[in-house]
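Comments concern the structure below.
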Amino acid sequence: MSKENSTNILDSKDRVLKLESVSLETSLEIEKVSHEICVQSINKNEANDNTIVNGNLNNNIDDPMNWSSKKKWLVLVIITIAGISMPIGGSINFPALVVMQKEFNASNLIIDAFGNIHRSNSVVFGAYSDKLATTKKVYVASFLVFILAAVVCAIAKSIRLLVVMRSIQALANSAILPLCAGVISDIYIPICPSFGGFIAQYLGWRWIFWILAIFGGVIFFLILFFLPETFNPTFLISNPNLRFNPLSPLKLLKYPNITIIIIYICISTLLIHIQNISIPVNYSSRYNFTTLEIGLFFIAPSLGYMLGSLIGGKYSDFLAQKFLTSSGDYCPEIRIKAAWFGLLLLPITCFIYGWLLEINFNVYVLGIILFLCSFGILSIFNTLSTYLVDSCPGLGASVMSLTCLIRLAIPATIAIFETTIEERLGVRWTFTLVSVICFLSILLPVIVYINGRKWRSNFVSTI
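Numbering-wise, this note's numbering comes out as the position in the sequence shown, counting from 1, plus 126.
Structure representation (structure tokens):
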């Protein structure tokens with residue numbers, strides 16, 4: 127029983143980490159759509175494919191916005207592969223944790239080292255990228271460290287060395303999240319533990335880190351020789367006299383539209399953490415699910431995350447393009463309209479789920495409700511993340527690293543007490559409380575939708 131409980135805890139941590147990586151796919155859509163909108167807007171007024179910088183026509187072929195479609199797709203593929211490294215690096219070793227703990231006679235500190243380090247340092251790399259106007263150099267340096275740390279982990283003979291190297295590996299990997307800006311693990315995370323379990327069983331847990339090193343080496347080669355510099359200085363108003371400040375993204379919180387949207391993203395992310403911590407505990411005790419069955423049950427929310435990310439992003443793009451075509455202007459706040467369905471779906475599904483779970487309702491119905499809830503969460507996150515990047519021209523990496531720092535650190539800390547709260551209030555009232563919070567917080571995006579344009583007029587990109 128204790129072994130199964132330990133496995134359930136690891137499975138729970140796997141699912142909590144699931145949403146911590148939040149999403150290269152969204153980032154790439156953000157970059158792609160933002161570039162397309164800017165180009166289309168300029169085409170409408172200038173009747174050519176050039177961009178305007180400080181009032182002057184920009185014919186620079188090195189400007190990412192003027193790249194060919196083939197070159198843009200090459201960048202898309204390489205960055206997608208690079209973004210996979212963080213969820214794989216964070217979750218592939220989960221099935222081998224029990225073996226590793228027995229060999230080193232240690233706790234699950236390895237998980238905490240990777241998760242907490244990448245969470246707390248993403249803001250630094252976002253600021254570095256924006257300040258020094260580079261993304262490629264950050265990628266190259268981070269993957270070099272990632273590879274070296276993986277090799278040392280594979281040959282480590284002590285738990286201290288292993289934890290230190292995992293922390294360094296996480297530090298290097300934390301550069302990927304803010305630069306990719308967003309939501310990648312929805313597709314790739316579910317297969318990582320299964321793959322890691324196969325490796326650990328037939329090759330030994332150390333081969334997990336050898337494979338990570340090989341995977342990192344392939345990405346390092348692709349980035350070094352095939353990835354062009356993608357930083358776009360078109361909208362950057364830089365001051366060469368300003369010194370690099372790793373905490374500079376925090377200054378973005380002085381803008382109400384940025385702060386309010388990040389607060390709402392934190393609330394929706396909190397629901398994700400609570401949901402994923404609660405599932406293993408409740409379904410093992412109420413439905414006698416095995417660890418395998420609990421893992422299979424997570425397919426429902428995983429599909430919701432995937433479809434919510436895809437459909438939410440596409441609908442947001444549709445509204446933005448429609449507004450641009452009709453008005454000849456681009457207003458980021460129009461994207462918030464794409465989140466209305468998810469904003470309402472979240473509290474409703476959360477409330478229904480809690481009350482049905484309390485009475486041990488049909489598990490398939492509960493799976494459908496979790497699917498809808500997860501769909502709403504990711505459709506909202508995709509839309510609001512795009513809004514944040516569009517609202518901070520030239521500081522996309524900084525605003526996304528700030529969002530990642532807050533949305534992962536605060537909800538993850540609060541979610542630690544989820545089990546205690548659920549024991550005192552019960553499942554029904556715990557999810558009722560969360561649904562009430564989600565319902566009241568709908569007011570936050572509404573406020574930004576109404577006042578966002580006015581607040582953005584005060585934005586200064588030199589931070």
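Even glycine gets a Cβ: it sits at the ideal position worked out from N, Cα and C.
From a predicted model like this one, the values you see are computed outputs, not experimental measurements.
- Closest in C-alpha terms to Val278, from the list Lys263, Gln295, Phe269, comes Gln295.
- Between the C-alpha atoms of Gly430 and Ala465 there is a straight-line separation of about 15 angstroms.
- Annotation for Tyr413: no alpha helix (DSSP H) segment contains it, and DSSP assigns it neither H nor E.
- Residues Ser505 of the same chain have their beta carbon placed closer than 7 angstroms to that of Ile437, with the five preceding and five following residues left out of the count.
- Using a C-beta cut-off of 8 angstroms, the segment 450-460 makes contact with the segment 574-581, since at least three inter-stretch Cβ pairs fall below that distance.
- Contact annotation: the segment 402-418 touches the segment 480-498, with at least three C-beta pairs closer than 8 angstroms.
- Annotation: the continuous alpha helix (DSSP H) that includes Gly468 extends over 466-484.
- Of all alpha-carbon atoms in Asn231, Phe269, Val560, the one lying nearest the alpha-carbon of Leu350 is that of Phe269.
- The three-state reading of DSSP puts Cys457 in coil, since its state is none of H, G, I, E or B.
- Under the three-state reduction of DSSP, Lys448 is assigned to helix.
- Assignment of Ile568 by DSSP, reduced to helix, strand and coil, places it in the coil class.
- For Ala339, the secondary structure class from DSSP, reduced to helix, strand or coil, is helix.
- Non-local C-beta neighbours of Ile384 in its own chain, meaning closer than 6 angstroms and more than five positions away in sequence, comprise Leu378, ordered along the chain.
- Distance from the CA atom of Leu329 to the CA atom of Ile340, rounded to whole angstroms, is 15 angstroms.
- With contacts defined by Cβ atoms closer than 8 angstroms, Leu472 and Cys499 form a contacting pair.
- Non-local C-beta neighbours of Pro427 in its own chain, meaning closer than 6 angstroms and more than five positions away in sequence, comprise Leu496, Ser500, ordered along the chain.
- Leu551 and Thr558 have their C-alpha atoms roughly 10 angstroms apart.
- Closest in alpha carbon position to Thr509, among Ile573, Phe444, Tyr479, is Phe444.
- For Ala208, the closest of Leu470, Phe352, Ile400 by C-alpha to C-alpha distance is Phe352.
- Per DSSP, Ile462 is not a residue of any alpha helix (DSSP H), being assigned neither H nor E.
- Distances from the CA of Ile273 to each of Gly454, Glu229, Ile334, Ile389 were compared; the closest alpha carbon is that of Ile334.
- Of the other Cβ atoms in all chains shown, fewer than 16 fall within 10 Å of the Cβ of Phe543; this residue is therefore exposed.
- Taking the CA atoms as reference points, Thr529 sits about 23 angstroms from Val266.
- Taking C-beta atoms under 8 angstroms as the contact rule, Val203 and Ile387 fail to qualify, at a distance of about 30 angstroms.
- When the beta-carbon positions are compared, Ile503 and Ile398 come within less than 8 angstroms of each other.
- With a threshold of 16 other beta carbon atoms within 10 Å, Tyr490 falls short and is exposed.
- Put simply, of Ala275, Ser404, Thr416, Thr475 the residue whose alpha carbon is nearest the alpha carbon of Ile547 is Ser404.
- The Cβ atoms of Ser211 and Gly342 sit closer than 8 angstroms to each other.
- Across the set Ala275, Lys283, Leu569, the C-alpha of Leu569 shows the shortest separation from the C-alpha of Ile389.
- A residue is called buried once 16 or more other Cβ atoms fall within 10 Å of its Cβ, and Thr416, having fewer, is exposed.
- Judged by DSSP secondary structure, Ser511 falls within the alpha helix (DSSP H) whose first and last residues are 489-517.
- Closest option to Phe230, judged by alpha-carbon separation, among Gly493, Val553, Arg286, Phe467: Arg286.
- Nearest to Met526 by C-alpha distance, out of Trp336, Leu376, Ala280, is Leu376.
- Annotated three-state conformation of Lys198 is helix, per DSSP.
- In this structure, the straight-line span from the alpha carbon of Ile325 to that of Ala275 is close to 19 angstroms.
- Secondary structure of Tyr265 (DSSP, three-state): helix.
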